[in-house]
Amino acid sequence: MTTAARTDYEAVIGVEVHIQLKTKSKMFCGCNREYFDTEPNTHVCAVCLGMPGMLPVINEQAVTYTLLAGLALGCEIPRHSKFDRKNYPYPDLMKGYQISQYDQPFCVGGSLTIEVDGRQQVVHLERIHLEEDTARLLHRDDGAETYSLLDVNRSGSPLMELVTKPDMHSGVEAAAFLRKLRQTMRYLGIADADMEKGGMRADANVSIRPRGQVELGRKVEVKNMNSFRAVQRAIEFEIERQSRLADAGERIKQETRGYVDATGETVSQRSKEEANDYRYFPEPDLPPMVIEPETIEAVRARLPELPDARRARFEREYGLTPDEARTLTESHATAETYEAAVRLAGAPLARPVALWFIGEVARRLNTLGHADAELSDTRVTPAHIAELTRLVADGAVTGSTAKDILDAAFETGEMPAAIVDARGLRVVRDEGAVEAVVKAAIEANPKAVTDYRAGKQAAVGFLVGQVMREMKGRADATSVADIVRRLLDVSA
Ligand code: ZN
Ligand code: MN
1 MTTAARTDYE AVIGVEVHIQ LKTKSKMFCG CNREYFDTEP NTHVCAVCLG MPGMLPVINE
61 QAVTYTLLAG LALGCEIPRH SKFDRKNYPY PDLMKGYQIS QYDQPFCVGG SLTIEVDGRQ
121 QVVHLERIHL EEDTARLLHR DDGAETYSLL DVNRSGSPLM ELVTKPDMHS GVEAAAFLRK
181 LRQTMRYLGI ADADMEKGGM RADANVSIRP RGQVELGRKV EVKNMNSFRA VQRAIEFEIE
241 RQSRLADAGE RIKQETRGYV DATGETVSQR SKEEANDYRY FPEPDLPPMV IEPETIEAVR
301 ARLPELPDAR RARFEREYGL TPDEARTLTE SHATAETYEA AVRLAGAPLA RPVALWFIGE
361 VARRLNTLGH ADAELSDTRV TPAHIAELTR LVADGAVTGS TAKDILDAAF ETGEMPAAIV
421 DARGLRVVRD EGAVEAVVKA AIEANPKAVT DYRAGKQAAV GFLVGQVMRE MKGRADATSV
481 ADIVRRLLDV SA
């Protein structure tokens, strides 16, 4: 590909993210919010079905969660906020309007620092507001006709919408932002933010401009991305498409485009001219909100340690390398189970425990076949890892035996010490017992003895192997080698 003739464009990207909050009940009614894997239309009431005359009641937990997110991301929490009606007709919108927040959201400003290629970058936020989710339309085609079914379980679930400033410049950065956002939501415990399950839905505003130009280009909104990878690919495609149009002297249309996963392309959905006029107005059925400073401080007191802080503390407190600390804090669940194991094993073993988690444990979790497998999905607990680390540190078992013990623990859930006792895996400390096995090996292998006398050091390794096999690994290979040499030298 020749690039010499092309203008150097800079892409400018902002994202709008909808995140489902893990509250007990829905946003404006008492219905159970859990709806995955449940029968359609079983978590509904007159309010979330949109019956006329029904009055909404604000879910305090959803407001608290939004404030938690805002404080974690350094937003300002204005004293006054309110809900508004956003009007648009669509079959999945039960009332014909969505209760959302227009000009007085709960959170304003703020930022999230991401890391791309080892370089830190601040992505500023415009705002975070709270609204309600829609019902779900299920499109069917039974061959004879196509039709749509409506599942109202999701209707009225709390949805937090976060809008960034156009601070990103590539698909990689946008994906990194969303990953960090998901991580932060999980640390806060307010959302699972799973893109594949629709728990986090991101739209991207993408425009390009000749590098050096201040004025922004015409922006295209890209929707329909169901994974981090899809976000990255959709944006990359869009930058390429717009650059090609601009190079050809064509006008970039301001429009909404949908990402098609199968082809990796975006296709036009609707143009600016067809955009909705939402006719926002203050929700008459809900009072304006006043968030007192005491409320903000009470929520702030609930903020947990966030990913960056925890990573720094792991390095400092447990002597981990930056990479090790990053790996262990990537998932909140892993960070928790790791620290639980450290508490049981004792701080001096913090690093050996870390190495188990990063190496052998991660390897076994990967074989479980789903991307986010955690220790809690298995029969192994932090106590298993702590005990195993201790057994190795005390010299009770060798490193290679320990891996077999871990396999057995994953299989049966038995504790490592019990496995060691049941299978007789303890390292034989009795020098005499080891010597007896070495002697037998020397007698059984006269050729190795001849080789050794001829100066072939490989003979030592061979004999050590014989002894280790005979003892089923329950000996320390270094001391076995010492004994082999000593006995060979004596017999010489
Ligand atoms: Zn309801
Ligand atoms: Mn929205």
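Its first residue numbered 1, the sequence shown is counted upward by one per residue in our numbering.
Quick reminder that beta carbons are idealized off the backbone N, C-alpha and C, glycines included.
Since the structure is predicted, the reported quantities are computational estimates derived from the model, not experimental observations.
Any non-hydrogen atom of ligand 1 closer than 8 Å to residue i Cβ
i, result
"G504", "Not covered by the structure: residue 504. The range shown for the chain is 1 to 492."
"C48", "yes"
"K26", "yes"
"G249", "no"
"H43", "yes"
"G53", "no"
"G156", "yes"
DSSP bridge partner residues for residue i (one or two, in chain order)
i, result
"T266", "Y259"
"A422", "Note: A422 sits in no beta bridge, so no partner."
"M468", "According to DSSP, which records beta bridges pairwise, M468 is partnered with nothing at all."
"L130", "M160"
"N32", "S25"
"S271", "E255"
"L497", "Absent from the model: residue 497. The displayed extent of the chain is 1 to 492, so no value can be given."
"V490", "DSSP output for V490 lists no bridge partner at all."
"V290", "H80"
Limits of the unbroken beta strand (DSSP E) element including residue i
i, result
"V12", "9 to 20"
"V206", "200 to 210"
"K223", "220 to 225"
Coarse secondary structure for residue i, derived from DSSP in three states
i, result
"V353", "helix"
"L306", "coil"
"A281", "At residue 281 the sequence reads Phe, which differs from the Ala that was named. Strand at F281."
"H332", "helix"
"R241", "helix"
"H370", "coil"
"L388", "helix"
"M216", "Looking at the sequence itself, residue 216 is Leu, so the reference to Met does not match. The answer is coil: DSSP assigns L216 none of H, G, I, E or B."
"E414", "coil"
"E315", "helix"
"E250", "coil"
"V231", "helix"
"L508", "There is no way to answer for residue 508, as the model of the chain reaches only from 1 to 492."
"D323", "helix"
"D404", "helix"
"R379", "coil"
"G346", "coil"
"V428", "coil"
Residue i Cβ short of 8 Å to ligand 2 heavy atom set
i, result
"L425", "no"
"Q98", "yes"
"H332", "no"
"E115", "no"
"E283", "no"
"E131", "yes"
"E60", "no"
"L188", "no"
"L159", "yes"
"H18", "yes"
The alpha helix (DSSP H) enclosing residue i, as first and last residue numbers
i, result
"D394", "D394 -> no alpha helix (DSSP H), and no H or E assigned at all."
"A135", "Neither: A135 is in no alpha helix (DSSP H) and is coded neither H nor E."
"A298", "293 to 300"
query = In chain order, which beta strand (DSSP E) runs of at least 3 residues are fully inside the segment 140 to 197?
reply = 146 to 151, 158 to 164
Start-end ranges of the beta strand (DSSP E) lying completely within the segment 39 to 120, minimum 3 residues
84 to 87, 97 to 100, 111 to 116
What are the complete alpha helix (DSSP H) segments, minimum 4 residues, inside the segment 436 to 486?
-> 446 to 453, 458 to 470
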